[in-house]
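For the sequence shown, the working numbering assigns the number 349 to the initial residue and increments by one for each residue that follows.
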Amino acid sequence: MSLDLVMDITYYSKDGSFKILGNVEKKDQLNILSNFLRTQICKGYEIKKANEFDAYHISLKFDSSEDRYEVSDNTGNKGLRDGILMYIMAKL
């Protein structure tokens, strides 16, 4: 797996601020997040309790050779993860 695009996101829940590191240019960040969230539609409902942290970390990686995303996070719940990503999209 060759990871072409990487976005490492830290979201601070106290004040709603965030930072994005990685190799995705600022002008393309909204598109990457939007495309990832589209892949999550109809993935099912998750009942796991969300983790409560002051800072959440989401690592989003895209492999163009397989046209797929790989994601890891510390939210404990996909709904919280995707909500954070939608919030960030609105702020970009």
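Ideal placement from N, C-alpha and C gives every residue a C-beta, glycine not left out.
Would you mind reading off the limits of the alpha helix (DSSP H) that contains residue i?
{"i": "residue 438", "result": "426-439"}
With DSSP run on the structure shown, which of helix, strand or coil describes residue i?
{"i": "residue 356", "result": "strand"}
{"i": "residue 361", "result": "coil"}
Could you give the first and the last residue of the continuous beta strand (DSSP E) run that contains residue i?
{"i": "residue 409", "result": "403-411"}
{"i": "residue 420", "result": "416-421"}
Between residue i and chain D, is the shortest Cβ-Cβ distance under 8 Å, so that the two count as touching?
{"i": "residue 422", "result": "Of the protein chains in this structure there is only one, and it is not chain D."}
If we count the other Cβ atoms within 10 Å of its Cβ and call it buried at 16 or more, is residue i buried or exposed?
{"i": "residue 462", "result": "Here the chain has residues from 349 to 440 only, and residue 462 is not among them."}
{"i": "residue 355", "result": "buried"}
{"i": "residue 435", "result": "exposed"}
Using only CA atoms, which one of the options lies nearest to residue i?
{"i": "residue 421", "options": "401, 364, 362", "result": "401"}
{"i": "residue 396", "options": "361, 429, 438, 360", "result": "429"}
{"i": "residue 381", "options": "398, 407, 424", "result": "407"}
{"i": "residue 398", "options": "432, 369, 352", "result": "432"}
{"i": "residue 423", "options": "438, 413, 404", "result": "404"}
{"i": "residue 371", "options": "357, 383, 361", "result": "357"}
Segments assigned alpha helix (DSSP H), at least 4 residues, entirely inside the stretch 367-408: 374-387
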